[in-house]
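> Here the sequence shown is numbered in the UniProt record's numbering, starting from 1 and rising by one per residue.
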Amino acid sequence: MTSAENNRHWEECMEFAVQIARRAGQVIREAVKLDKCVTTKSSAVDLVTETDQQVEELIISTLRDRYPSHR
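(1) Can you check whether the CB of Val27 is closer than 8 Å to the CB of Thr62?
(2) When we look at the beta-carbon of Val55 and count the other beta-carbons within 10 Å, is it buried (16 or more) or exposed?
(3) Do you know how far the Cα of Lys36 is from the Cα of Val45?
(4) Taking 8 Å as the threshold (C-beta atoms), are Phe16 and Arg66 in contact?
(5) Put Thr62 into one of helix, strand or coil per three-state DSSP.
Next comes the structure, spelled out in structure tokens:
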């Protein structure tokens, strides 16, 4: 891969990451208007909301769709 190809590859990755972040931000902005359901993960101070879980699933599923061979 040439330097120019490498730069373009990273630019595409960055653009994709920004798209995902914007979609996640929209989910979070919409959730601010709703009641919150908070649970704990590993301890009483390790809190997680439904929105956290939705955003995590959005990010993971979007990445898996785009890069199915990546782990």
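Built from N, CA and C at the ideal position, the CB exists for glycine as well. As the structure is a computational prediction, the values presented were derived from the model and not from experiment.
Answer, in terms of the structure:
(1) Here residue 62 corresponds to residue number 62 of the sequence shown, with the count starting at 1. Here residue 27 corresponds to residue number 27 of the sequence shown, with the count starting at 1. Taking 8 Å as the Cβ cut-off, Thr62 and Val27 do not qualify as a contacting pair.
(2) As a working mapping, residue 55 is identified with position 55 in the sequence shown. Classification for Val55: buried.
(3) Position 45 of the sequence shown, counting from 1, holds the residue named residue 45. Position 36 of the sequence shown, counting from 1, holds the residue named residue 36. Taking the straight line from one Cα to the other gives about 16 Å.
(4) For this step, residue 66 is matched to residue 66 along the sequence shown. For this step, residue 16 is matched to residue 16 along the sequence shown. Yes, these two residues count as a Cβ contact at 8 Å.
(5) Position 62 of the sequence shown, counting from 1, holds the residue named residue 62. DSSP places Thr62 in helix when its eight states are reduced to three.
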